[in-house]
Amino acid sequence: MILIVEDEQILASLLEVTFASNGISNASASNAKGALEIMRGSKSFVDLAVIDLGLPDMDGLTLCRRLREFNPQLKILITSGSYNLDVRKMVLEQGVDSIIWKPYDLDEILGRVEELLSREDIDLRCLSGIYPN
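Quick note, the sequence shown lines up with residues 1 to 133 if you use this note's numbering.
1) Using CA coordinates, which residue listed in Asn84, Asp105, Gly60 is at the minimum distance from isoleucine 78?
2) Less than 8 Å between the beta carbons of alanine 27 and leucine 63, yes or no?
3) From the DSSP output, read off the bridge partner residues of serine 80.
4) Quick one: using the 10 Å Cβ neighbour count with 16 as the cut-off for buried, is isoleucine 10 buried or exposed?
5) How big is the Cα-Cα spacing for leucine 85 and leucine 92?
6) Would leucine 208 and methionine 90 qualify as a contact pair, given that the criterion is a beta-carbon distance under 8 Å?
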């Protein structure tokens, strides 16, 4: 399941529909508090979080750290409207898996999400010895 954390309701709805129509289950929250409540209830089922960097109640990077307290293997994709190399560097230094700049194309974010989810599958196969050399 994907956790969408986006305070722009129209964008959150577009992401929900895009992911669902591509067979990806998701839940969404408009702020950090809601995201933390979702994780408390389903921490083992959330594989990836798509998080807006500029949330109203907590910055996205702080939320990333808090979510990983529930699930250290959680994949994280940050979205941001502030294109800036310093922001990109800061985000990646925090262990975020990927960043995408707003405005983005829905196909672009869907591709990034699918890539991150498939990386997890590959990692699990390697760890279990199923993935051939």
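Every residue, glycine too, gets a C-beta built ideally from N, C-alpha and C. Everything numeric in this text was worked out from a predicted model, so none of it was measured.
Inspection of the coordinates gives the following:
1) Comparing alpha-carbon positions, the option among Asn84, Asp105, Gly60 lying closest to isoleucine 78 turns out to be Gly60.
2) No, the Cβ-Cβ distance between alanine 27 and leucine 63 is not below 8 Å.
3) In the DSSP output, where bridge partners are listed per residue, serine 80 has Trp101.
4) Residue burial annotation: isoleucine 10 is exposed, with fewer than 16 other C-beta atoms found within 10 angstroms of its C-beta.
5) Leucine 85 and leucine 92 have their alpha carbons spaced roughly 11 Å apart.
6) This structure gives no information on residue 208, because the portion of the chain shown stretches from 1 to 133.
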